[in-house]
Amino acid sequence: PEIAETISRKAQEFYKARALKALEQTDGQIDMIGSGGDIGTQRGMMISPDTWRKHVKPYTKELIRSFKDMGYYTFYHSCGSLIPVIEDFIEMGLDILDPIQISADGMDPEILKATYGRRLSFHGGVDEQTMLPVLSPDKLENEIVNLIGILGRDGGYIPCAAHAIQPDTSIENITTMYKTINNYRY
222 PEIAETISRK AQEFYKARAL KALEQTDGQI DMIGSGGDIG TQRGMMISPD TWRKHVKPYT
282 KELIRSFKDM GYYTFYHSCG SLIPVIEDFI EMGLDILDPI QISADGMDPE ILKATYGRRL
342 SFHGGVDEQT MLPVLSPDKL ENEIVNLIGI LGRDGGYIPC AAHAIQPDTS IENITTMYKT
402 INNYRY
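Position in the sequence shown counted from 1, then plus 221, gives you this note's numbering.
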């Protein structure tokens, strides 16, 4: 437990110092500050939700709160399935969850929007496993429009790839993604 808390504290200190340095050098041009921890996997969390709450959450909460107290929007990066702790992130004051990896267990866009969409914004969703590298451009466009219709309903969605675009993704699909996102407006 002491090692886990030391790692969490050091990560919190690193993220805060990095953000403060960026703020200092950008002269008020930043609106949002992010942090992350990649606590999810395809099937669930890397550690139990209770262990995360006990040894990681207090430091993550302190970090998010410090940015919120400074007047910034906050986002948190973690791939994978985060269903057991999304309410915790909302309670901590998180604004945006990044990325929404819809191929991970429980990360269904309809359920996410219905359950959390009035209290949390979403970033990502264009899946790097099941959509971007494998669908035809027409099918990809339809899927992206569908995602925007679900997660973007009433606002709160920033559509983009759910992770770094992988080398096996065609240029045509990358272009299709960006054009579709750019052309879709509420």
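Beta carbons are placed, not taken as given, at the ideal position from N, Cα and C, and that holds for glycine.
| Query | Result |
| --- | --- |
| Within the segment 224-302, ranges of the alpha helix (DSSP H) (whole runs, at least 4 residues) | 270-276, 278-290 |
| P330 burial status per 10 Å Cβ neighbour count (16 or more: buried) | buried |
| Segment contact flag, the segment 229-238 with the segment 270-283, C-beta cutoff 8 Å, min 3 pairs | yes |
| Burial state of S269 (16 or more Cβ within 10 Å) | exposed |
| Alpha carbon of D359 to alpha carbon of A243, nearest angstrom | 40 Å |
| Integer Cβ distance of Y293 from S256, believed to fall under 8 Å | Actually they do not touch by this definition, with Cβ atoms about 11 Å apart. |
| D271 to I224 span [Cα, whole Å] | 16 Å |
| Whether G261 touches L303 by CB criterion (8 Å) | yes |
| CA-to-CA distance, E226 to R239, given in whole angstroms | 20 Å |
| Contact check, F343 vs L353, beta carbons under 8 Å | no |
| Cβ-Cβ distance between Q250 and D326 below 8 Å | no |
| Inter-residue Cα distance where the pair is I369 and P222 | 41 Å |
| Spatial distance of S324 from I392 (CA atoms) | 22 Å |
| Close beta carbons around G377, own chain, < 7 Å, minus the five adjacent residues each side | G338, S342, F343 |
| Collapsed DSSP secondary structure at V306 in the structure displayed | helix |
| Residue from Q246, H384, T247, L241 whose Cα sits closest to the Cα of C300 | H384 |
| V347 in three-state terms, based on DSSP | strand |
| Rounded C-alpha distance that separates L372 from I307 | 16 Å |
| CB of I395 within 8 Å of CB of P380, strictly | no |
| When R286, N367, L356 are compared against Y405, the one with the closest alpha-carbon | N367 |
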